[in-house]
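Convert by adding 197 to the 1-based position in the sequence shown; the result is the number in the numbering used here. See structure below.
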Amino acid sequence: MTARRLFVRRWRDRFREKLGVLKFTFDWTILLYLGIPGLLLGGRAYYGLWRDELPAWLTQLPYPIVPVLLLLLLYSSGGISFYIEAADVLFLRQRPRWIKGLMLRGLAASAAVQAVVLAVAIAVLSPLLVRVYGLGWTAIAGLYAVAFAAKLVQMFIQQLLGVLFAGWRHLLLRSLAYSVLAAGFGAWAAWAAATDGGGPPAGLAIAVALPVLALLAGALGWLRFRLRGRFDAEVREEERQRTRLTALLLASAVERPKAPRSGGSKPWLFRRLRRLTRSRQPEARVAEALVKAFFRGSEWKIYAQMTLAGLAAVLLPPYPAVNLIVYAALLLLLLYWLGGHRRAFFERELMSILPLEESLEYRSAAPAMTLLLLPAVIVLTAALGAKLFPPLWGLPAGAVGGVLIARWLGGFSRGIGLAIGRRPRSG
């Protein structure tokens with residue numbers, strides 16, 4: 198075992214851990230359906246920024262918006278991970294060269310990740326930098342180099358303050374240090390623009406900023422590697438960086454426990470016992486119970502998010518054929534997702550002990566799926582009608598068409614269920 202092999206093994210473990218968090222947080226089927234159209238739309242929009250005429254609001258953006266966006270990215274894109282663990286106090290502390298080797302490789306890996314993130318951000322901003330502010334590729338490369346050097350300084354500041362201080366002192370000193378760094382970066386951007394008559398950064402400004410930031414990053418790095426006797430604080434800071442992605446993703450995926458309210462909690466939707474259909478047949482009653490259970494739970498949040506995202510996906514493409522393809526893909530995605538919730542409703546333990554008829558699940562499929570699809574399909578179809586036709590009559594016609602399409606998709610889902618056949622219940 199060598200320091201290089203130990204680093205590679207720990208890097209693989211961290212990568213698998215983050216991949217497991219992503220798999221736990223996201224539904225890969227839904228991500229695939231939304232991600233591919235999103236990439237296609239994003240690629241077309243990016244191509245349009247290079248080739249098409251830019252909108253007026255984009256051409257009127259002042260140049261200081263660029264350093265502000267870069268600063269926000271620098272402060273939110275992560276820090277240094279040295280790949281040290283609490284168990285190293287028993288073994289690796291006896292081998293200082295191994296710890297130093299781990300830290301140097303961790304620094305190189307963290308810097309490489311941040312370099313890629315910053316390169317993607319600069320690539321996204323390139324149409325604005327070239328077509329609006331008139332920067333050449335040399336000036337863009339210089340801007341990237343200065344921003345990357347500032348990111349290295351920010352990472353060493355974060356690491357040093359996280360190891361040396363805790364509590365309110367850490368928050369206060371980090372705020373002061375970040376404010377000084379932001380002020381310096383903003384002053385450099387203003388001076389760089391002023392040296393070229395209010396235009397893009399000049400070569401002199403870049404040539405001055407790079408050595409200063411490089412010396413500052415080198416001094417902070419030297420101080421960090423010279424620290425001794427703070428192994429517990431180093432492990433604590435390492436765990437903070439290690440669980441950064443987990444905390445960010447699971448904050449919205451895991452609900453916080455809430456204190457119980459007096460009188461019990463009340464749902465936002467369907468608080469009163471009102472009928473959703475006129476029919477009093479058993480399949481209609483089961484469909485109503487299914488729909489109310491869906492919208493009274495937490496699934497309505499995902500439903501609303503998917504509807505809003507689908508609304509943007511239908512309205513943004515500039516070509517009618519693309520609008521229709523995206524609309525059809527969204528309907529299939531909704532049908533698949535809501536069909537899974539409908540089947541899960543009948544697989545609950547309570548439903549398995551009720552004296553239900555053998556065919557009731559599939560007789561209730563049409564009304565249940567119609568009610569579930571109705572809000573989203575009306576919104577998406579109305580948006581499609583307003584996009585393809587004059588909005589004055591395309592919007593109401595699309596809403597009426599959405600009702601008809603939701604009813605048709607509901608019957609279509611029941612046909613699929615009857616074709617597949619009823620699965621035997623467990624127990």
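No residue lacks a Cβ here, since even glycine has one placed at the ideal position from N, Cα and C. Predicted model only: the values in this text are computed from it and were never measured.
Sub-8 Å separation of residue i and residue j beta-carbons
i, j, result
"A347", "F382", "yes"
"W483", "S561", "The question names Trp, but residue 483 in the sequence shown is Val. Yes; because the gap between Cβ atoms is below 8 Å, this pair is in contact."
"L299", "L420", "no"
"A389", "A402", "yes"
"L592", "G599", "no"
"P441", "G240", "The question names Pro, but residue 441 is Arg in the sequence shown. Not in contact: R441 and G240 (Cβ atoms no closer than 8 Å)."
"Y500", "V511", "no"
"L370", "V350", "no"
"L357", "L410", "no"
"A603", "L571", "yes"
"L255", "L326", "no"
"A596", "A579", "yes"
"H538", "E485", "no"
"G494", "L577", "no"
"Y272", "Y375", "yes"
"I319", "I296", "no"
Nearest-angstrom Cα separation, counted from residue j out to residue i
i, j, result
"Q502", "W534", "13 Å"
"R620", "V321", "Its pLDDT being 45, under 50, R620 is placed unreliably in this model, and the value from its coordinates should be taken loosely. Approximately 50 Å, taken between the alpha carbons."
"L332", "L251", "16 Å"
"E544", "L487", "12 Å"
"L270", "L315", "8 Å"
"A380", "S307", "25 Å"
"R433", "V360", "8 Å"
"P259", "A386", "12 Å"
"R213", "Q438", "16 Å"
"G339", "L266", "17 Å"
"W465", "F428", "Here W465 scores only 48 on pLDDT, less than 50, and its place in the model is too uncertain to base an answer on."
"G536", "V313", "40 Å"
"F491", "L529", "19 Å"
"R248", "A406", "33 Å"
"I233", "A309", "27 Å"
"T335", "E435", "37 Å"
"H367", "A430", "12 Å"
"W365", "R423", "25 Å"
Host alpha helix (DSSP H) of residue i (start-end)
i, result
"Q351", "W334 to L361"
"I319", "P293 to R328"
"T504", "E496 to L512"
"L268", "I262 to S273"
DSSP state of residue i mapped onto helix, strand, coil
i, result
"S376", "helix"
"Q257", "coil"
"I281", "coil"
"T578", "helix"
"G426", "coil"
"L287", "coil"
"P515", "coil"
"D210", "helix"
"P587", "coil"
"G652", "In the structure as shown, the chain starts at 198 and stops at 624, and residue 652 therefore has no counterpart that could be examined."
"G629", "Any answer about residue 629 is impossible in this case: the structure gives the chain only from 198 up to 624."
"P252", "coil"
"G276", "coil"
"G331", "coil"
"E436", "helix"
"T567", "helix"
"E431", "helix"
"E485", "helix"
C-beta neighbour in chain C for residue i, strict 8 Å
i, result
"F382", "Protein chain content of the structure displayed is limited to a single chain, and chain C is not contained in it."
* Should the stretch 274-288 be regarded as contacting the stretch 303-313, the criterion being three or more beta carbon pairs within less than 8 Å? -> yes
* Asked: Between the stretch 595-608 and the stretch 559-567, do three or more beta carbon pairs fall short of 8 Å?
  -> yes
* Asked: If you pair each beta-carbon of the stretch 503-518 with each one of the stretch 586-596, do three or more pairs fall below 8 Å?
  -> no
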